[in-house]
Every structure is written in structure tokens, then in C-alpha cells.
Ligand code: BMX
Ligand code: ZN
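Numbering (this note's numbering), first residue to last: 3 to 714.
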């Protein structure tokens, strides 16, 4: 049990045989052959001999007819399916075979060029110890060739097919053509007298031995081998990796070939092949092994780690399983690979050239494998939510990433007609999707934040105060879902604000808190024990509609004296006009707004200060009730009124602390949200992340460039 040994006098000391695929149209040049014949130092000077044996393979004639047969490997690509020669529809004929002989032996042909290359190299590195071996490919006699031509004048035109004859006659014709080619080879070889070359033998290009109803290569080869040997030549074969070929290898020298090199095929196929098995089979069958360098012929080895690892394994396994120094090896290297490695700008590729050289010389040392590639390369696209915020004043759209960063932002005035709002929502969603597409984000959900009582299950606004006329029974989700497959969630703006605080904001690590959104109205959301309070119908946390004055004016919700009538943006203006005009000119202003009241207070207007004190107090009264009920550890205030300043908020905080039950109030934190104008967008986005993409881990970027400005 041993490999086909290297350095056998019988095979003229063949050690490593390189396969040189050529082209009848562009013959090999000395410039190209020198990379294989000699090792070149980094300056391009030959410093040692390289391959000792050369196998020339020309697949096609100048006119494009085929000398070689492909193998159909079946769908398994592991030789387990049917495999058979894929006979060419354009088979070569005798004229083409003469052309092939000419490409070997003619002026400027492969042999002359190689001989001269060796000659020239000898002047700098001395003559090689043995003549360089050459092996020439026999063209395959395709069974599609019905009119090969006559071998001699007057002899019959050969037919390789079974048309009009039986299979023995077809095989006999094919054999005759091969014998003729071998004889021509020997004749021409003798004529040329190459100084540095030894014609070791001929090569059977088909990678298995096949027999069927119309082809019998077994009989052909058994006869052909005798003939090849009678001319003093060896018959070579390089079968592909398949159990059927393993079986043939067991007795290849008795019947078919003198030298065989098993292909591991480890570089080409991801599964089923190992160099360990291939080398064990080769060893058991007295065969050599084929080295295989390239997967795609024109791509560098290190282009992927996997290919690099596999290539390295051929080299390392040469030491592990002994074939580097014990076995004759054939080297498949694609077309021009060594030249490309040598000249490659990447030093990693250049190193392969030296590795192969050392391998051929038997001096290669095991090298580390590059790090293994990940088993599955998964490059997640960053996810984003498309957020729609429907406020009384503005309709906003934002594209928000998982850290709460607003990537894209659009604001328009809130239309007053229900249909126009819905059309705008659809248009903004489309814009958001387009943004995601162009920026590479994965749009994972659409969140809509709106005032009003929202049927969370259905995505429908059931009822609302005076956001817009008719803002009831509006199924926003359905409207959006007609235009996209991305999931949609719709929730009350107060609830959304609480979710935003929980996943992006101040309440990230707080389980019990109340989020209060102070805008045109007053909304809120409440977390109890880490869960957003939704109640029976998701109509919870309508903080603005808690009455703080039994005899107060009627609210649009139907109640009287709701805190929103005093302490919200609209409430401040309303109350200023109702109660405060006699004291100042404030209430008379047409353009009166919460912002104007706040500014007046800041500039010391006592009426404005008084109004804000009283408003803050009213809100405090309402919120103290909530604090008593829910025992939150934090209140977070957001919305356009969050910038109103001390007169409002000092009164608010004081009232909450005074009126809430003491131990509860003592542990309560009152905080302002980090979000201003963007609170609604972040709320809608947070709701999408929380409800449509659970499990998202979110880290907030505190330096986010979200816009900060106070208005509704
Ligand atoms: C109103 C009510 C709440 C809402 C709050 C804040 C409607 C349309 N709105 O009290 O649902 O949470 O206003 O809304 O019924 P904003 O638009 O003033 O921020
Ligand atoms: Zn109300």
C-alpha cells in the first residue's frame, strides 16, 4: 500500500506534473512557461527548477471543435448520480487532430517553446538533473463523430458512432484513430529531437472509464494501453473523485493506465469530499494525487477565506498524509494561475506561488489556516420604524431607528378634513418607505400616534374630542394597510409618549411612571409594574379629562371643569380670555397662545404669572389623584408646554407634593422629557418597535440630533 511513488526511474523521475491548459489559437510562450519551469525570485530571476513534468492539454481546435469530453457528474456532483461523457456536438476530426499534433510539434509549438525555455533557464540555473517530462493529451474520439476521415489514402472514413454499425465496430474505429495519433506522436517526436525533454507518455483526457450501449471505453483503453506501452510510452489518467472511479483505480495498472492521479475535488465542491479520503484511496490503489489550486480560474485564492483554507489544506495535507514527498502529484492550476499568483499585488497571493514551489521541492512546512469563515454570513439591515404623529396643529412623519434617532423628518400643517388627513398619512408613509429603501434601512413597522380613544386591536380611532371634525370611527390601520404590507400599529398619543419614555427616554429603567403630554390638550400614559396600562378598551390615562372644578365650563368630552380646560395650551388661552382680561391686555390679543402667555410671565407680567400659577396648580390637583392611585416613582412631562417655565411648573410640583399622600409624594421624581417637538414621532416609533418588533434592544444616543423646539 503506497502512493504512486515519486522519482521512479521507470517514469523518468516524475515527481510533480503540472497541467498546462492551452489554446490552439494562442500557443504557450516562453514568457509564460518560465513561471512553471523555474522558480522566480521577487526580482524575476530564476533561482531554481520548479515542475519536472508538463502535461499539455488543448481542449479545442482553432475552428472550435472539441478534443476533450466533459463528464456529466449527475446532480449530486459527487459521482453518485449518472455520469457519462458529454459527447460534443462539434467533435474534432482527423484534420483537427493533425492540427493538434502541429500545436505540439510544429514551429513555435508547445514542445519547442518548452524546450527553448528550459534551455534558456539552464544558462542561469544549470541543466536539470533529468530531462523534463512531457505528456501529451490524446484527443477523445467522440461517438458523435460519424465522419472522422480516412487514416490513410484509400482506407475507410472512420465512424465513431453506432449508426450503421455495432458497438464493436465503433470501438474499433475509435481505437484505430487513437493508435494513429500515438504513432504520429512518436514519429514526430523522433523527428524533432528536443534537447531538454523526455516524452513520458500520453494522457487520456476523459476522467472516468465508461461503457454503455453506444460507447465502450473499457475495451478501447485495454487495447490502447498495450499499444501505448509498445511504443515505450506511459499512459496517464486523472479521474475525478467518485466511488466508481475508486473501484477502477484498484486495478488501473492491470488494465488501463500506467499512472493515475486521483482528484480530491475538495476545492470545488462544498460537501462530500475530503483530502483525507482521497489520499487514503490513492495510497491504497498505488495512485498519485492531484493538487487543485483554483476554484474559479480567474479569481485569487484568498478571495474568500473558505477557498484559502481549502487551498491551504491541500498543502498541509501533503505533509499530514505524506503525499508531498511520497506521491507523484499532478497539479491542476487552472489557466495561468502561477503567473497570476507571482505577479499579484497582494503578498498573500504571491506567497502561494512560493508555497507551491516549496511543496514541489518537498520543503513546504505546515502553515496556519486563515480564520474560518462564519458558518452563515448574515448582514442584518438596520431596522427602522415609520412614525406618524397626528396632532391638532401638525401632521408629522419621521423615520426612526432602533436607538431613537430620527433619520428623516417631515412636518406639514394638520389638514382639517378627515379624508385629506388620511391621504396625507398614506403619502407620508410612502415617503418614509422610499427613504428606507434609498438609505438601506429595513422598514419593520409603521406606528401612528393620534389623540382620541383608539381601539388598539383594530387600529381605529373610535372617538375624539375636537381634534378634527369627524375624527371618529376612522380605521387608520386599514387605510395604511391597503398600500403596504408593513405592519401598522395605532395608539393614543399619551400612550405613545409613555412608550417613548420607556424605551428611548427618561423612564428606561423605571417600571412605574406617568407620562404627561402637555399640548393643545393634555394626554397621558401610565406604566404600572413595567406594563403600559390599557384598561378595558385602551381608553386609559385621559388625564386631561379629570375634573378639577365641579362647576367649571363644559368640556368637549362631555364633562365639566376638566383640567385640560385650564392647564393645556388651548385651556390657558381659554381661561385667560375668560378670567383675566380685566387685569391685563393679554386676553384681548387675537393671537394669544400658551407660548405668548409663557413669554409674558417670563418678562414679569404678573397676570401671566398668576394665570400660570393657577393653571399649574390645577394640573397638580389632577395629577396628585393619579399619584395616589398608581404610586409612580416618576412623572415625565413632555409636549409643547414643557417649556412654559417656573410659574407653571413650580406651582404644579408644589401642588402634587402637597396634595398627594405624603410617603408617596416623598419618593416621587418629577422630570422633563428629553424630547420636545419630536416627542410625538418618537412615541409613534416607540409604539411600532414595542408592539410590532418585540425583543428589540434599544440604546439611546444621547447626542442625537433630534430637533428641539417648543410648539405643538
Ligand atoms: C385630548 C384628547 C386625548 C389626547 C390629548 C392630548 C382627543 C382628540 N384628544 O385630551 O386623547 O391624548 O388631547 O392631545 O380626544 P394633543 O393633540 O393635545 O397632544
Ligand atoms: Zn374633558
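For every residue, glycine included, the Cβ atom is placed at its ideal position computed from N, Cα and C.
Would you report the Cα separation of residue i and residue j, rounded to the nearest angstrom?
| i | j | result |
| --- | --- | --- |
| residue 543 | residue 610 | 29 Å |
| residue 159 | residue 149 | 6 Å |
| residue 267 | residue 312 | 10 Å |
| residue 734 | residue 614 | Absent from the model: residue 734. The displayed extent of the chain is 3 to 714, so no value can be given. |
| residue 682 | residue 504 | 14 Å |
| residue 674 | residue 499 | 12 Å |
| residue 450 | residue 624 | 27 Å |
| residue 452 | residue 595 | 22 Å |
| residue 12 | residue 121 | 24 Å |
| residue 427 | residue 390 | 7 Å |
| residue 665 | residue 634 | 12 Å |
| residue 201 | residue 373 | 43 Å |
| residue 1 | residue 441 | Outside the shown range of the chain, which is 3 to 714, sits residue 1, and nothing can be said about it. |
| residue 113 | residue 308 | 37 Å |
| residue 45 | residue 246 | 47 Å |
| residue 414 | residue 464 | 24 Å |
| residue 563 | residue 546 | 10 Å |
| residue 649 | residue 570 | 14 Å |
Under a three-way DSSP split, which group does residue i fall into?
| i | result |
| --- | --- |
| residue 70 | coil |
| residue 19 | strand |
| residue 11 | helix |
| residue 207 | coil |
| residue 250 | helix |
| residue 40 | strand |
| residue 565 | coil |
| residue 277 | helix |
| residue 446 | strand |
| residue 474 | coil |
| residue 669 | coil |
| residue 455 | strand |
| residue 580 | helix |
| residue 310 | helix |
| residue 724 | Nothing in the structure corresponds to residue 724, since the chain is present only between 3 and 714. |
| residue 219 | helix |
| residue 612 | helix |
| residue 297 | Unreliable placement is indicated for residue 297, whose pLDDT of 48 sits below 50; the coordinate value is still reported in the next sentence. It is coil, neither helix nor strand. |
| residue 64 | coil |
| residue 663 | coil |
Let's test the definition: count the other Cβ atoms within 10 Å of the Cβ of residue i and tell me whether it reaches 16, buried, or not, exposed.
| i | result |
| --- | --- |
| residue 47 | exposed |
| residue 219 | buried |
| residue 439 | exposed |
| residue 566 | buried |
| residue 552 | exposed |
| residue 196 | buried |
| residue 660 | exposed |
| residue 434 | buried |
| residue 316 | buried |
| residue 671 | exposed |
| residue 199 | buried |
| residue 125 | exposed |
| residue 497 | buried |
| residue 64 | exposed |
| residue 68 | buried |
| residue 370 | exposed |
| residue 97 | exposed |
| residue 3 | exposed |
Sorted by chain position, which residues of the same chain lie with C-beta nearer than 6 Å to residue i's C-beta, five sequence neighbours on each side aside?
| i | result |
| --- | --- |
| residue 170 | none |
| residue 79 | Summary for residue 79: the model assigns pLDDT 46, below 50, so the residue's position carries little reliability, and this model does not support an answer. |
| residue 658 | 622, 625, 626 |
| residue 19 | 55, 57, 332 |
| residue 556 | 562 |
| residue 250 | 211 |
Once the 5 residues before and after residue i are set aside, which same chain residues still bring their CB inside 8 Å of it?
| i | result |
| --- | --- |
| residue 71 | 87, 88, 89, 90, 142, 144, 207, 208 |
| residue 227 | 237, 257, 258, 259, 260 |
By Cβ distance, which residues of its chain are closer than 7 Å to residue i, with the 5 residues on each side in sequence left out?
| i | result |
| --- | --- |
| residue 528 | 500, 516, 535, 542, 543, 632 |
| residue 190 | 103, 107 |
| residue 165 | 148 |
I want to see whether chain C comes within less than 7 Å of residue i, judged by CB atoms only; does it?
| i | result |
| --- | --- |
| residue 637 | Any reference to chain C falls outside this structure, which holds one protein chain only. |
Check: At what residue ranges does the stretch 318 to 388 contain a whole run of the beta strand (DSSP E), taking only runs of 3 or more?
Finding: The qualifying runs are 331 to 334.
Margin query: List, from N- to C-terminal side, the alpha helix (DSSP H) runs of 4 residues or more that fit wholly inside the stretch 77 to 151.
Written below: 96 to 107, 112 to 127
Checklist line | Residue ranges of each beta strand (DSSP E) within the stretch 502 to 557, 3 or longer | finding: 515 to 520, 524 to 530, all fully within the stretch 502 to 557.
Next item on the list: Identify every run of the beta strand (DSSP E) within the stretch 382 to 431, keeping only runs that are complete inside it and at least 3 residues long; order them along the chain.
Entry: 385 to 392, 396 to 403, 408 to 415
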